[in-house]
Each structure stands twice: as C-alpha cells, then as structure tokens.
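2 protein chains.
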Amino acid sequence: MIQTLTAPAPAPLYVELARSLEQLIEQGTLRPGHRLPSVRRMSLQRDVSISTVLQAYTLLENRGWVEARPQSGYYVRPRLPMHAPEPRMARPMAKPSYVGVNDLTAEVLTLATDPSYVPFGAACPHHSLFPTKKLARILAAVGRNDHTLLGRYAMSSAYDPLTREIARRYLQAGCPLPHDELVVTIGCAEALHLALRAVAKPGDTVAVETPTYFGFLETIQSLNLRVVEIPTGPRTGICLDATRDALANNDIKALMVMPSYSNPLGSCMSDEHKENLYKILAEFDVPAIEDDVYGDLHFGERRPKPLKAWDTDGRVLLCSSFGKTLAPSLRVGWCAPGRYLERVRRLKFTTTLGTPVVLQKTISDFLRNGGYDHHLRSIRRAYHHQLHLFSQAILRHFPEGTRISRPDGGFVLWIEMPPGVDTLRLHRDALKHKINTAPGALFSVKDRYKNCLRMNCGLPWGELIEAALKTLGELAKKQL
Amino acid sequence: MIQTLTAPAPAPLYVELARSLEQLIEQGTLRPGHRLPSVRRMSLQRDVSISTVLQAYTLLENRGWVEARPQSGYYVRPRLPMHAPEPRMARPMAKPSYVGVNDLTAEVLTLATDPSYVPFGAACPHHSLFPTKKLARILAAVGRNDHTLLGRYAMSSAYDPLTREIARRYLQAGCPLPHDELVVTIGCAEALHLALRAVAKPGDTVAVETPTYFGFLETIQSLNLRVVEIPTGPRTGICLDATRDALANNDIKALMVMPSYSNPLGSCMSDEHKENLYKILAEFDVPAIEDDVYGDLHFGERRPKPLKAWDTDGRVLLCSSFGKTLAPSLRVGWCAPGRYLERVRRLKFTTTLGTPVVLQKTISDFLRNGGYDHHLRSIRRAYHHQLHLFSQAILRHFPEGTRISRPDGGFVLWIEMPPGVDTLRLHRDALKHKINTAPGALFSVKDRYKNCLRMNCGLPWGELIEAALKTLGELAKKQL
Numbered sequence: 006m007i008q009t010l011t012a013p014a015p016a017p018l019y020v021e022l023a024r025s026l027e028q029l030i031e032q033g034t035l036r037p038g039h040r041l042p043s044v045r046r047m048s049l050q051r052d053v054s055i056s057t058v059l060q061a062y063t064l065l066e067n068r069g070w071v072e073a074r075p076q077s078g079y080y081v082r083p084r085l086p087m088h089a090p091e092p093r094m095a096r097p098m099a100k101p102s103y104v105g106v107n108d109l110t111a112e113v114l115t116l117a118t119d120p121s122y123v124p125f126g127a128a129c130p131h132h133s134l135f136p137t138k139k140l141a142r143i144l145a146a147v148g149r150n151d152h153t154l155l156g157r158y159a160m161s162s163a164y165d166p167l168t169r170e171i172a173r174r175y176l177q178a179g180c181p182l183p184h185d186e187l188v189v190t191i192g193c194a195e196a197l198h199l200a201l202r203a204v205a206k207p208g209d210t211v212a213v214e215t216p217t218y219f220g221f222l223e224t225i226q227s228l229n230l231r232v233v234e235i236p237t238g239p240r241t242g243i244c245l246d247a248t249r250d251a252l253a254n255n256d257i258k259a260l261m262v263m264p265s266y267s268n269p270l271g272s273c274m275s276d277e278h279k280e281n282l283y284k285i286l287a288e289f290d291v292p293a294i295e296d297d298v299y300g301d302l303h304f305g306e307r308r309p310k311p312l313k314a315w316d317t318d319g320r321v322l323l324c325s326s327f328g329k330t331l332a333p334s335l336r337v338g339w340c341a342p343g344r345y346l347e348r349v350r351r352l353k354f355t356t357t358l359g360t361p362v363v364l365q366k367t368i369s370d371f372l373r374n375g376g377y378d379h380h381l382r383s384i385r386r387a388y389h390h391q392l393h394l395f396s397q398a399i400l401r402h403f404p405e406g407t408r409i410s411r412p413d414g415g416f417v418l419w420i421e422m423p424p425g426v427d428t429l430r431l432h433r434d435a436l437k438h439k440i441n442t443a444p445g446a447l448f449s450v451k452d453r454y455k456n457c458l459r460m461n462c463g464l465p466w467g468e469l470i471e472a473a474l475k476t477l478g479e480l481a482k483k484q485l
Numbered sequence: 006m007i008q009t010l011t012a013p014a015p016a017p018l019y020v021e022l023a024r025s026l027e028q029l030i031e032q033g034t035l036r037p038g039h040r041l042p043s044v045r046r047m048s049l050q051r052d053v054s055i056s057t058v059l060q061a062y063t064l065l066e067n068r069g070w071v072e073a074r075p076q077s078g079y080y081v082r083p084r085l086p087m088h089a090p091e092p093r094m095a096r097p098m099a100k101p102s103y104v105g106v107n108d109l110t111a112e113v114l115t116l117a118t119d120p121s122y123v124p125f126g127a128a129c130p131h132h133s134l135f136p137t138k139k140l141a142r143i144l145a146a147v148g149r150n151d152h153t154l155l156g157r158y159a160m161s162s163a164y165d166p167l168t169r170e171i172a173r174r175y176l177q178a179g180c181p182l183p184h185d186e187l188v189v190t191i192g193c194a195e196a197l198h199l200a201l202r203a204v205a206k207p208g209d210t211v212a213v214e215t216p217t218y219f220g221f222l223e224t225i226q227s228l229n230l231r232v233v234e235i236p237t238g239p240r241t242g243i244c245l246d247a248t249r250d251a252l253a254n255n256d257i258k259a260l261m262v263m264p265s266y267s268n269p270l271g272s273c274m275s276d277e278h279k280e281n282l283y284k285i286l287a288e289f290d291v292p293a294i295e296d297d298v299y300g301d302l303h304f305g306e307r308r309p310k311p312l313k314a315w316d317t318d319g320r321v322l323l324c325s326s327f328g329k330t331l332a333p334s335l336r337v338g339w340c341a342p343g344r345y346l347e348r349v350r351r352l353k354f355t356t357t358l359g360t361p362v363v364l365q366k367t368i369s370d371f372l373r374n375g376g377y378d379h380h381l382r383s384i385r386r387a388y389h390h391q392l393h394l395f396s397q398a399i400l401r402h403f404p405e406g407t408r409i410s411r412p413d414g415g416f417v418l419w420i421e422m423p424p425g426v427d428t429l430r431l432h433r434d435a436l437k438h439k440i441n442t443a444p445g446a447l448f449s450v451k452d453r454y455k456n457c458l459r460m461n462c463g464l465p466w467g468e469l470i471e472a473a474l475k476t477l478g479e480l481a482k483k484q485l
C-alpha cells in the first residue's frame, strides 16, 4: 500500500466553504429555491478566491444541495421531507439454502430492453446518459488506424493499455493494484461468474447481503451453490455481527458483497466498516467477491475506497465494469482476483477465451483522451438529481408509510411500501400499463421483501416518468 | 426437414467436366506443371459453354487440382506423392478419467499471439486472410449510423438480423433451423462451455473423439467432468462401433464431436456416417455437442451438412462461430441448443449476460452486403493451397516415415512422426528457435500421440515458413 495516498489530509478551503453552506441549507437559512450569492460576491464575502467558490459550488451541486441554472446562478434544490423514513434491515437468516430458478428475473431483464415498456425494472441507465457519439468515433478510429486488429485472435486475458488505465484509477482511489493482475472480462457478469467458480464448487455455500442483486442469486444458482443471506442496512451496509455469526456457524466459501453503493439498497460502508469487514474475513479465512460496479458513481467528493484497498493477502476478488459509467453495450469488465489470479485466467480461457480487443482499445482510448472524468462528473450529477426527483415523486404518489432509501451514489432506490402491498401483484398489474418493475421478491431466496421494489432512476426525468410513477402508486394504493 | 434441399440432384455439367479432368490428372495424362487447355478451346473441344468451363476450372482450383496463374491460365498442381501415408487411428480406451490441468496449453496459446514466434501452435489463420479493412469500415458505419447502440444494454441472447442470416446459411447447407432458437455467444468457446453445462454436472462423464481439440479437454476439466476418448480415423471420423461400445458401457452425458473437418485430424464424416452416428446417439438417448466451426471451409463444392441436420428430437447442441472464417477478434459465435434452449439462455445470462450488439451487427451487415460467399471461396482456396505447400515441405524436411493427414477442409494438418520422435521435447527445442508448436500430448488425456504434432497451416506461404519447417524437421531427425 502507498501510504501517502491513504493518509487523511486536512480538508481544502472549498470543502470547508461547501460544508458551511450545507449547514445553512440544513438549518433553513438558505431555503429551496433560494439563489446562492454570485461567485464574485461570495468570494468577497468569505475572502476566498473565485476558483475556491466555484469548486465549492460544484461540490454542492455534485452532492445535490444546489442546482446550476444557465445564465442565472446556483439555486438551493428542494430537499426530501425529513419524515421520509429509510427502509428497514432484514432479520438474520441462518441456514444455507439452494436458489430456485427465477423466471421472473428473466422476464424483468428481457423487458428491460423492450422500448415499449417504461424501464423501471433493470438497473440500466438510459443510453442518452452515455457519450455514445464519442465512443462511436473512437471505435471507428480504432478500426481505421489498425484494421488488422480485427483479424487477430484475442487470446491473452487483457489488453495491456486498458489494464494500465484501470490500475491507475484504482491507485487514485487509494487501492494500488498491479495492472498485470487484472483479467479483462465480458462485463462484470463474467468477472463475478469466474470469481465464484474460482473459490467455490457445486454444493458449497456462499454468503450474500440481503437484499442482494438478483444477478448474484442467479449466478449462484447456475453453479449449484447454496446461499446464506446476511442482513444489510440501507445506509451502513452489511451487518458485521451477523457476518461474524454467519462465518462462525457455516462453512462459507466466499462472501459476495457490494461495499460501495450496493444494489439494491444503495448502502455504502465507511472505511472503518470495510476495514473491520476485512478483518472478519481474514479471521475466518474467507475470500470476498467484491462487486465495485457503482464505486465511481459517488455524489460526495471522494470516491469510496474498494474493500480491496485493505486486502493484504489476496483474498478479495475485485470485480467491476464500465457498464454503469461509460458503455453498457461494449461489455468490458475486469477482475482483480488476488491469489486466485491463475485460476481465474484459466477459467476465462475455457469460458470465453478472450475479450474483443477492439472494444478494450476503444475504452482504453476513451479513458486516455475522451474526458472520462468530466463525463463521470456529469453523470454523477445527473444520477443524483434524478434520485431526488424520483424520491419526491414517489413520496407524492405512493401509499402513505412508504419508505425510501437515500443512497449517496448510484442510481437505484429501494422502496418499502406498507405491508399490505404485494409488489409481485403490482408488477403484473403494472405490466398491463407497459411499466416494468423489479419486485422485492427477486432480491432474496427467502420469502422476503414482498412489499419492496427496486427503482431504476437512471432515466432522464419527464412527464412520462412522472405519469408512470403516479400509475404505480395508484395501483399500489388499490391493494390497501 | 425440407425434402427438396436434401434430395440428391443430378450433377451439373461443370461438375461432370471437372470430374473427367480430375481423372486425366490422376491417370497422369495431365501432369503437374501442365497447362490446361484455354477456356475457349476447352469449350469447343467438349461442346459446352464458356461459363461451364470456367465453373469447372474454378471447382478444380477449389479442390486443389489446379492453380490459376494470372494472365497465363490454369496449371496442374504438384500432387502429394502416393507414398505419404495418413496417420493411424488410436486404440479404444474404456475407463472414464478426469482431465489434468495442462500448463502447456496455456503456453501454446499465449505464444500464439506473440509475433516473435512462428505460430505453428494455435489454429489461428494469419490476419491477412480476413477482410479486416472491410470489417473496420462496417464497424465504423454501424457506430456512425446508430451511436445509441453503444449505450444500450445487450440483455437478450441474440441480435435478430444476425441469427436470421445464420439460419439462412444453415438452410442452404441442408440444415433448417428456426432463427429464434439460436443463442449468440462470445465465440465458439462460450457456446461449447454453455452447452456442456446444460447437459452435464460435475462428476459426470462426456465422450470425445481422440485425438481431440485441447480446448474441449480444458473446458471439460474446468467443469470437473470426466472424459472417455473414442478412436477417430483421420479421414472418416469417429469410429461408430467404438462409439456404441462407449455409450453402452459408460453413463455418458454427451458426446463432443467435430463431424466436419475435425481439429486436429481434419476428418469429415460422410452423410451416411453422420446419420448412423445420430441413430446411435438416439438409441442410447445421449445428446451431442457438435463443433461445426470448420464446416464452411470445405475444399469440395458442397458444404458438408452438420450432424444437426439429422436431429429430429433436439438432442444436438450445434456450436460454431465466425472465428475461423471471418473475424477471430470479434468473438461472435452461436449455439443452437435444441431441447436445451432455455437452459443455455439462462446460463448465458449468468455467464456473460449478452454479446456486444455492435459486433453482432457488424457481422450481420457483412453477411448481408460484404460478399461473405466470395470471401469464403477465396479463403477456402487459400487454405487448400497452403495445406498442399505445407504437406510437401513436411515431406521434404521431416524424418522418413512421417505420416500426414489429408483433410478436405480446414487449415490444420496432423502429423505422425516415427515412434522415436518425442514432440514435447521437439516443442521445447523449437521454442529456442522461436517456433511455437502444438505437440500431440495436448490432444488426449492419456499418454498418447507422443510422436504427433498438429500444424497450423493458416499462414501465407513464404521463405520464413519453409525455413521454420526445415528447422523443425532437423530437430526431429536429431532425436532419431
């Protein structure tokens, strides 16, 4: 580990300024709709430079406190009412169980790409949020500049310039990784699949958070593994005591976990929480399969460190992709498998042989010259803004007593409706209105989350979305 | 099955003409180096049209009997001496055994893409044999015409226009397939991987030909399956009696087979042989995983029918890709899983989720407008010619008593040297001369083929290749 990257530094001036303005908003001194002082005026008022004010305002914007209106200035955004409570944590579950095949998952995902449905179901941002024009230009240039690339087998597990870019970004995030220990995969899906096969064999048990991404459950099922679900809070992440209990009482071969902006809860573990989780894993000598696919989508100024940053003995298999941030359709992901590197490499060879180099090079060129950081800033802002708008609309239209998660990153919400609502029934009803949803039942192997729903907020706001949310709310209310 | 497509038709005139000329060559009336009569003269001589003669000459060229020399005419090619015997068939093997991890396979494949080695090892044609310029243009156009494609998730298992093209081609080959029963995969590797997982679970036994493609053995090993090897002849394919014995005496969950131009032998089963093989599979109720990746690379005028053409009850999982014919780096393959369709679809979802649509569309557009058939004709000619040149050079340089396969399609040769030669040792020695080979030991889980070698002939002929073959031959002779 490189010490200088991980040591805490004193907060810069603009962060201090942003914090003090946040307080004014929280206290109600600056109220929703109020215009912030102009940059110049604030600079004089606080005796700081213009650029410090600009940085502070951008930070407030990233965090969702204010919004910029062109030619007008920065305005305080409407906040969620204080009484919108967050969803509750599940009770612990002890016995490992096999995962049943879930036809609903297939249905939700198939409809996700059907343009005639409102796509609340899958966690896919709208294509307009990605720099597809620029990507298409780079893709064309890659083919034009070396068309022989298209005739060469991609047999090794990674395109070197791409893995260097990925490793460089992890270094910046406080997680140094040797670039040649990365295996490039077909999206995060293949990374997770290979990682699971590297650590567990059929009949083995793995642990997951609950609620958890249904793709985890499907992959676990496809490999004939058993699963133990560990309660996870909507804000702080996996419960450490329950984790310790689960590892102590079961022969668990791996923990599959999303420490930064989990899907569906949106929880993000603190650094301390991650460190403690790692210690528990080390104590019981259990590897972790970390899905970090939402890690770059933080609303705060700092990208959360992956769990892998604490990994001193190669037990964390870090999996991620560009699917949520840059190019879902290119299906370029990666795995940093730690001590399982050789095993994952061999499994990659027999599973898909290689990842198309033309796509790896397209992404690598984008990372180097395409303004990836600028793009990330803009989608973070967009996702944050959309989560706000969705939350407000849900509060307006959904049954009284509905709880909504308040994630600090990503683009999904976890919604807990009153116990009388059955979201499986709601899903069927909503399909008739051409609305596709992801009912809570998908997110557990147990009879849980029957009144819950995961909401894809990666959709540009508009009347259609508001109308669909209203319809959903009305259908839910009818059940009560 | 569509009867009209499979019923035998009387041979057209040009085929008759080609046959009579073949006889003249075989009898020595037309000898190597002789010029064929000009097209006009032959047309008058035989009283057929100019176009019939042209078709006949092209057919002779495709079959390797003659070669065209620009501005000069068609010349009879040098034939292999009659005394170059073909390799022998292995003796049967009864007991199933697990496959050991083979580091050599990884080495051979890694070096296959290292430009500093002569790539005799992997079965990869040289990139100059593929229409990479045209592919790059189409790829660029696909991105330009609809850049939003790059921002859309590829969640369903296939891009419809591509599967229609694939199905259309199988129909032409006498194997009607509903296009919506095709799953598009990451190359043939993923197709084989998914097919195997659909039919067998860890501990189960599958049967393969011997010698067999080492990728099969690696995939089988990665899934903790056991294997039974069935003797296969270098010309006619898998031995039916041995197949029947193997299925009768073992609980075999699937047969993995390459009925058309197998890798490494190059054998192609006759229609009758395929039909009988299918009957045996049906009798013992065993599915077949058919690798058809070389099927389009026939030197004769007719594309061999896949085994799938006889499949009346969905027990054949047909796997293939464009990797050997059009675009190895794009990694677009497919599986027609018959009765296992739903299982393969679900496994695809948890393994790689989807196949990049931009690549599927590029290939689909090429198939529709890029002159794929024209391209196929030209690489078939090239492969055929190269096999000839390689065979002759091997006869010149390799130890006396060397046997060489004589495939009617594909681009690999199977070489059996005298028993005193150890090709593993030869492999190590050759690496010092920057020559990468695929020793026979890779192609079986048993101690077999120690004096055998698979040769990649998908390389444009030149002095470097000749020199490398000479070096290989000298190294082998030194062992005797």
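Chains as they are written, first to last, in the working numbering: chain B, 6 to 485; chain P, 6 to 485.
Heads up, the beta-carbon is just placed ideally off N, CA and C, and yes, glycines get one too.
None of the values given here were measured: they were computed from a predicted structure.
Query: How is the alpha helix (DSSP H) around residue 165 of chain P delimited, first residue to last?; Result: 165-177
Query: CA-CA distance, residue 448 of chain B and residue 103 of chain B?; Result: 14 Å
Query: Drop a sphere of 10 angstroms on the beta-carbon of residue 402 of chain P, count the other beta-carbons inside from all chains shown, and report buried for 16 or more, exposed for fewer.; Result: buried
Query: For residue 123 of chain P, which residues of its own chain have a beta-carbon under 6 Å away from its beta-carbon, when the five flanking residues on both sides are left out?; Result: 440 and 473
Query: Alpha carbon to alpha carbon, how far is residue 445 of chain B from residue 90 of chain B? Give it in angstroms, no decimals.; Result: 18 Å
Query: For a contact meaning CB atoms closer than 9 Å, what does residue 227 of chain P contact in chain B?; Result: 202, 351, 352, 354, 355 and 356
Query: Tell me whether the region 369-380 of chain P and the region 341-360 of chain B touch, counting them as touching only if at least three CB pairs, one residue from each stretch, are closer than 8 Å.; Result: no
Query: Expressed to the nearest angstrom, what Euclidean distance is found between the alpha-carbon atoms of residue 40 of chain P and residue 400 of chain P?; Result: 25 Å
Query: Under 9 Å Cβ-Cβ, which residues of chain P neighbour residue 206 of chain B?; Result: 207 and 229
Query: Let me see if you follow: with CB-CB separation under 8 Å, is residue 362 of chain P close to chain B or not?; Result: yes
Query: Could you spell out where the beta strand (DSSP E) holding residue 79 of chain P opens and where it closes?; Result: 78-81
Query: Tell me which residues share the same chain as residue 274 of chain B and place their Cβ nearer than 6 Å to its Cβ, disregarding the 5 neighbours each side in the sequence.; Result: 242 and 264
Query: Using the three-state DSSP reduction, which class does residue 313 of chain B fall into: helix, strand or coil?; Result: helix
Query: Going by other Cβ atoms of all chains shown within 10 Å of its Cβ, with 16 needed for buried, is residue 121 of chain P buried or exposed?; Result: exposed
Query: Residues of chain P with a CB under 9 Å from the CB of residue 380 of chain B: which are they?; Result: Correct list: empty, because the minimum Cβ distance to chain P is about 12 Å.
Query: Which runs of the beta strand (DSSP E) at least 3 residues long sit entirely within the region 312-364 of chain B? Give them in chain order.; Result: 321-326 and 337-341
Query: Along chain P, in chain order, which residues have C-beta atoms closer than 9 Å to that of residue 194 of chain B?; Result: 354, 355, 356, 357, 358 and 359
Query: For residue 526 of chain B, does the three-state DSSP call read helix, strand or coil?; Result: The requested residue 526 of chain B does not occur in the structure, where chain B is confined to residues 6 to 485.
Query: Where do the N-terminal and C-terminal ends of the alpha helix (DSSP H) with residue 248 of chain P fall, by residue?; Result: 245-254
Query: Give me whichever residues DSSP pairs with residue 268 of chain P in a beta bridge.; Result: Beta-bridge pairing links residue 268 of chain P to no other residue.
Query: Given residue 207 of chain P, which residues of its chain have a CB within under 8 Å of its CB, disregarding the five upstream and five downstream residues?; Result: 228, 229 and 230
Query: Of all the CB atoms in chain B, is at least one closer than 8 Å to the CB of residue 12 of chain P?; Result: Any reading at residue 12 of chain P must be qualified, since the residue scores a pLDDT of 37, below 50, and its modelled position is unreliable; the value itself is stated next. It does not: the Cβ of residue 12 of chain P has no partner Cβ on chain B nearer than 8 Å.
Query: For residue 300 of chain P and residue 323 of chain P, what's the separation of their Cα atoms in angstroms?; Result: 11 Å
Query: Roughly how many whole angstroms lie between the Cα atoms of residue 328 of chain B and residue 434 of chain B?; Result: 30 Å
Query: So if DSSP puts residue 408 of chain B in a beta bridge, which residue, or which two residues, is it bridged to?; Result: B/421
Query: Just mark residue 303 of chain P as buried or exposed, buried being the case when its beta carbon has 16 or more other beta carbons within 10 Å.; Result: buried
Query: What number of angstroms, rounded off, separates the C-alpha of residue 396 of chain P from the C-alpha of residue 478 of chain P?; Result: 12 Å
Query: Leaving out five residues on either side along the sequence, give the residues of the same chain with a beta carbon under 6 Å from the beta carbon of residue 436 of chain P.; Result: none
Query: Okay, do the region 359-369 of chain P and the region 216-226 of chain P touch, 3+ Cβ pairs below 8 Å being the bar?; Result: no
Query: In its own chain, which residues sit with a C-beta less than 6 Å from the C-beta of residue 88 of chain B, not counting the 5 before and 5 after it?; Result: Unreliable placement is indicated for residue 88 of chain B, whose pLDDT of 47 sits below 50; the coordinate value is still reported in the next sentence. Cβ neighbours of residue 88 of chain B beyond the five flanking positions: none.
Query: What are the boundary residues of the beta strand (DSSP E) that includes residue 238 of chain B?; Result: 231-238
Query: Using CA coordinates, which residue listed in B/408, B/377 and B/31 is at the minimum distance from residue 332 of chain B?; Result: B/377
Query: Among B/179, B/176, B/169 and B/320, which residue has its Cα nearest to the Cα of residue 188 of chain B?; Result: B/169
Query: Could you name the residues of chain P that residue 343 of chain B contacts, counting a contact when the two beta carbons are closer than 9 Å?; Result: Neighbours of residue 343 of chain B on chain P: none; closest Cβ ~19 Å, over 9 Å.
Query: For the beta strand (DSSP E) containing residue 202 of chain P, list its first residue and its last residue.; Result: Not the beta strand (DSSP E): residue 202 of chain P falls in the alpha helix (DSSP H), residues 192-204.
Query: Ordered along the chain, which non-local residues of its own chain (more than five positions away) have a Cβ less than 8 Å from that of residue 476 of chain P?; Result: 435, 438 and 440
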